[in-house]
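See structure below.
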Amino acid sequence: MNMVTDAQSQLEHMQKKLDKVRKEQQELEDVRAKQLQGLIQFSMRLGLCCKGQNLELDTRLAKIRQQLSDPSNLDSALPEMGELSRALQTQYQNNQREIEHNQQSMQQLARQLASLSGIPEKLKRELKYYQQDIQKPIHTIWEIIPRVEQLVKYYEQLLQERLAKEDRIPTTPKHRQLAHELAQLLSEIEFPNQYGEEINAIKAMLSGDVQVDQLLEAYSQVLNILVSEMAKEKSASQQFLAALTDSLSVVRQAMGENWQATSNSFKSSRAFNQKLNSHMGQFSDQVSDACDLQTLKGQVINELAFIRQQLTKRDAQEQSEFQALKLSIQKMQAEINSLTAEAASYKDKLIEQQRLNQVDALTQLPNRAALDEQLKRAYRQFKRYGHDLWVTVADIDRFKSINDNFGHTTGDKTLQVVSMALKNSLRKEEFVARYGGEEFVVLLPGLDREQVQQVLNRIRERIKAIPFKFRDERLSITVSIGAAKVGANETIQETFERADAALYRAKRQGRDKVEMDD
Numbered sequence: 001m002n003m004v005t006d007a008q009s010q011l012e013h014m015q016k017k018l019d020k021v022r023k024e025q026q027e028l029e030d031v032r033a034k035q036l037q038g039l040i041q042f043s044m045r046l047g048l049c050c051k052g053q054n055l056e057l058d059t060r061l062a063k064i065r066q067q068l069s070d071p072s073n074l075d076s077a078l079p080e081m082g083e084l085s086r087a088l089q090t091q092y093q094n095n096q097r098e099i100e101h102n103q104q105s106m107q108q109l110a111r112q113l114a115s116l117s118g119i120p121e122k123l124k125r126e127l128k129y130y131q132q133d134i135q136k137p138i139h140t141i142w143e144i145i146p147r148v149e150q151l152v153k154y155y156e157q158l159l160q161e162r163l164a165k166e167d168r169i170p171t172t173p174k175h176r177q178l179a180h181e182l183a184q185l186l187s188e189i190e191f192p193n194q195y196g197e198e199i200n201a202i203k204a205m206l207s208g209d210v211q212v213d214q215l216l217e218a219y220s221q222v223l224n225i226l227v228s229e230m231a232k233e234k235s236a237s238q239q240f241l242a243a244l245t246d247s248l249s250v251v252r253q254a255m256g257e258n259w260q261a262t263s264n265s266f267k268s269s270r271a272f273n274q275k276l277n278s279h280m281g282q283f284s285d286q287v288s289d290a291c292d293l294q295t296l297k298g299q300v301i302n303e304l305a306f307i308r309q310q311l312t313k314r315d316a317q318e319q320s321e322f323q324a325l326k327l328s329i330q331k332m333q334a335e336i337n338s339l340t341a342e343a344a345s346y347k348d349k350l351i352e353q354q355r356l357n358q359v360d361a362l363t364q365l366p367n368r369a370a371l372d373e374q375l376k377r378a379y380r381q382f383k384r385y386g387h388d389l390w391v392t393v394a395d396i397d398r399f400k401s402i403n404d405n406f407g408h409t410t411g412d413k414t415l416q417v418v419s420m421a422l423k424n425s426l427r428k429e430e431f432v433a434r435y436g437g438e439e440f441v442v443l444l445p446g447l448d449r450e451q452v453q454q455v456l457n458r459i460r461e462r463i464k465a466i467p468f469k470f471r472d473e474r475l476s477i478t479v480s481i482g483a484a485k486v487g488a489n490e491t492i493q494e495t496f497e498r499a500d501a502a503l504y505r506a507k508r509q510g511r512d513k514v515e516m517d518d
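No gaps in the numbering here: position 312 of the sequence shown is 312 in full-length UniProt numbering, and each next residue is one more.
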């Protein structure tokens with residue numbers, strides 16, 4: 001009887017140990033489930049970060065996000081991630097093909113330049129070496145930039161030599177108009193700080209009596225700067241796409257391995273439990289039917305040895321699976337951390353670029369693009385709530401004469417001072433933007449006719465009172481303003497046109513006036 005009691009005691013002990021193993025197995029599966037959920041959330045956030053690179057990529061990323069929103073769809077999402085990885089690789093290859101296309105274009109330009117008659121022998125030899133060099137494989141945008149700069153120098157050298165041989169080309173009104181337009185463009189574009197001195201020198205040159213060769217040189221300098229900045233942006237995008245492709249491949253592989261390991265572990269645990277339960281049932285029947293203690297003792301010893309062997313084997317298997325999973329997760333986590341840092345940096349650049357795209361570089365007011373968005377937003381609110389909305393257009397009087405008599409630098413300063421006065425004259429819910437040139441647009445919501453007239457006259461008087469002084473000459477700057485109230489049955493564009501017409505009525509009536517159209 002003692003043998004039976006001992007056997008039952010050992011069975012209870014083994015049952016507790018089995019329950020402990022099952023609990024540890026469940027905890028491991030819970031940890032894996034949390035890690036898998038974290039990985040899914042990261043993949044969804046990563047997909048949002050990549051949005052906007054390519055229409056096909058956006059479609060695939062949206063599909064992946066939808067599938068990953070439900071972990072039960074993971075099996076169907078894994079093949080789609082393979083397609084996404086291939087799409088990213090295709091985008092990277094497209095970028096490489098574009099580099100090759102640019103290389104071919106440069107080869108053609110070099111051949112055309114070399115085919116011109118009357119080229120100096122030294123330049124002809126340099127072009128020959130250049131054509132040989134440009135035929136070498138180019139893999140990155142950074143290898144193209146020096147070659148573009150060199151080709152531009154060859155063109156500049158030939159242009160300067162041709163101009164030196166010919167009489168100076170007379171400056172015509174068309175050339176002066178081009179100089180004015182270039183100066184205006186330089187005032188509206190946001191250039192990096194490193195080009196500040198160069199841009200200021202170009203603007204100073206354009207404000208004087210510019211010659212044709214100087215105008216050509218100015219255009220060449222500006223084009224070089226723009227090409228350089230475009231190349232930098234393109235290179236950053238290519239590098240990010242390449243890193244994203246590699247990281248997604250690693251993450252996809254790790255997810256597949258982890259999912260397979262989890263599935264195998266679950267199947268193995270289920271088989272182990274079934275096998276152990278079967279043996280426990282058989283052994284329980286043997287204990288109940290046992291009559292010979294010696295035989296029972298042998299059976300107990302054999303069964304306990306079998307259970308101990310199976311538990312030891314299962315423990316070793318779980319340790320191996322855990323170590324493999326741990327290494328896979330560590331590898332994936334390192335890749336995720338690296339990609340997260342790159343994605344955050346790229347996202348910051350995109351946000352900053354988006355901000356710059358909606359800010360006028362000279363006045364720091366919202367630009368035309370920002371105005372278009374605000375007009376749509378204000379019109380929707382007008383339609384929804386029915387409050388009054390006024391669109392006003394302000395124009396600096398005789399601004400062209402300021403540029404002509406005092407230079408574009410003075411004109412730029414005038415625009416900046418007037419912009420600041422406009423901004424400081426408005427409430428938080430009111431909006432002002434530079435429309436272009438010397439024109440500004442102000443949106444005034446929630447005010448009646450009398451209030452709008454008071455606001456606009458206050459702005460007009462405030463600008464008129466600013467003490468402008470150019471070359472020791474005191475000058476009064478005035479603005480003319482036209483305003484129109486949005487009608488119930490008209491579009492915002494129709495209102496804008498009425499405000500613009502009111503502005504020109506104010507101009508015809510002598511300037512420095514406010515004209516209302518409600």
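Beta carbons are placed, not taken as given, at the ideal position from N, Cα and C, and that holds for glycine.
Bounding residues of the alpha helix (DSSP H) (the contiguous stretch that carries residue i)
{"i": "Gly436", "result": "Per DSSP, Gly436 belongs to no alpha helix (DSSP H); it is in the beta strand (DSSP E), Phe431 to Gly436."}
{"i": "Ala204", "result": "Gly196 to Leu206"}
{"i": "Lys128", "result": "Glu121 to Ile134"}
{"i": "Asp372", "result": "Arg368 to Tyr385"}
{"i": "Leu503", "result": "Ile492 to Arg508"}
Chain D within 9 angstroms of residue i, Cβ atoms only
{"i": "Ile463", "result": "Annotation note: the requested chain D is absent from the structure, which comprises a single protein chain."}
Residues near residue i in its chain [Cβ-Cβ closer than 7 angstroms; skip 5 each side]
{"i": "Arg462", "result": "Ala421 and Ser425"}
{"i": "Ile214", "result": "Position check: residue 214 holds Gln in this sequence, whereas Ile was assumed. Here the set comprises Met205."}
{"i": "Asn367", "result": "Gln358, Val359, Asp360, Ala433 and Arg434"}
{"i": "Ala218", "result": "Leu182, Ile202, Met205 and Leu206"}
{"i": "Ala378", "result": "Leu389, Leu443 and Pro445"}
Neighbourhood of residue i by C-beta, 6 angstroms cutoff - its chain only, sequence neighbours within 5 removed
{"i": "Glu439", "result": "Asp395"}
{"i": "residue 529", "result": "As shown, the chain starts at 1 and ends at 518. That puts residue 529 outside it, with no answer to give."}
{"i": "Ala369", "result": "Gln358"}
Environment of residue i [buried if 16+ CB atoms lie within 10 Å]
{"i": "Tyr130", "result": "buried"}
{"i": "Lys128", "result": "exposed"}
{"i": "Lys122", "result": "exposed"}
{"i": "Leu116", "result": "exposed"}
{"i": "Thr495", "result": "buried"}
{"i": "Leu327", "result": "exposed"}
{"i": "Ala87", "result": "buried"}
{"i": "Ser85", "result": "buried"}
{"i": "Ala316", "result": "exposed"}
{"i": "Arg147", "result": "buried"}
{"i": "Asp412", "result": "buried"}
Cβ pair residue i, residue j closer than 9 angstroms
{"i": "Val442", "j": "Ile459", "result": "yes"}
{"i": "Asn94", "j": "Glu149", "result": "no"}
{"i": "Phe382", "j": "Val486", "result": "yes"}
{"i": "Asp397", "j": "Lys469", "result": "no"}
{"i": "Leu186", "j": "Val222", "result": "yes"}
{"i": "Ile492", "j": "Leu375", "result": "yes"}
{"i": "Leu151", "j": "Leu109", "result": "yes"}
{"i": "Leu447", "j": "Asp388", "result": "yes"}
{"i": "Leu158", "j": "Ile134", "result": "no"}
{"i": "Thr414", "j": "Ile477", "result": "yes"}
{"i": "Ile99", "j": "Ile138", "result": "yes"}
{"i": "Asn403", "j": "His180", "result": "yes"}
{"i": "Tyr154", "j": "Glu126", "result": "yes"}
{"i": "Ala484", "j": "Gln453", "result": "no"}
{"i": "Lys423", "j": "Leu365", "result": "yes"}
{"i": "Glu156", "j": "Ser220", "result": "yes"}
{"i": "Met516", "j": "Arg449", "result": "yes"}
Residue i, enclosing beta strand (DSSP E) - first and last residue
{"i": "Val486", "result": "Run containing Val486: none; DSSP gives neither H nor E here."}
{"i": "Asp395", "result": "Leu389 to Ile396"}
{"i": "Arg474", "result": "Glu473 to Leu475"}
{"i": "Leu422", "result": "No beta strand (DSSP E) holds Leu422; the alpha helix (DSSP H) holding it covers His408 to Asn424."}
{"i": "Lys464", "result": "That residue, Lys464, is in no beta strand (DSSP E); its alpha helix (DSSP H) goes Arg449 to Lys464."}
{"i": "Lys469", "result": "Phe468 to Phe470"}
{"i": "Asp517", "result": "Val514 to Asp517"}
{"i": "Val442", "result": "Glu439 to Pro445"}
heavy atom of the ligand ZN below 8 angstroms from residue i C-beta
{"i": "Gln108", "result": "Because no ligand of any kind appears in the structure shown, any question about the ligand ZN cannot be addressed here."}
Pair every Cβ in the segment 492-504 with every Cβ in the segment 382-401, then say whether three or more of these pairs are closer than 8 angstroms.
-> yes
For the segment 410-419 against the segment 505-512, are there 3 or more C-beta pairs whose distance is under 8 angstroms?
-> no
Could you tell me whether the segment 406-414 touches the segment 192-210, where touching means 3 or more Cβ pairs closer than 8 angstroms?
-> yes
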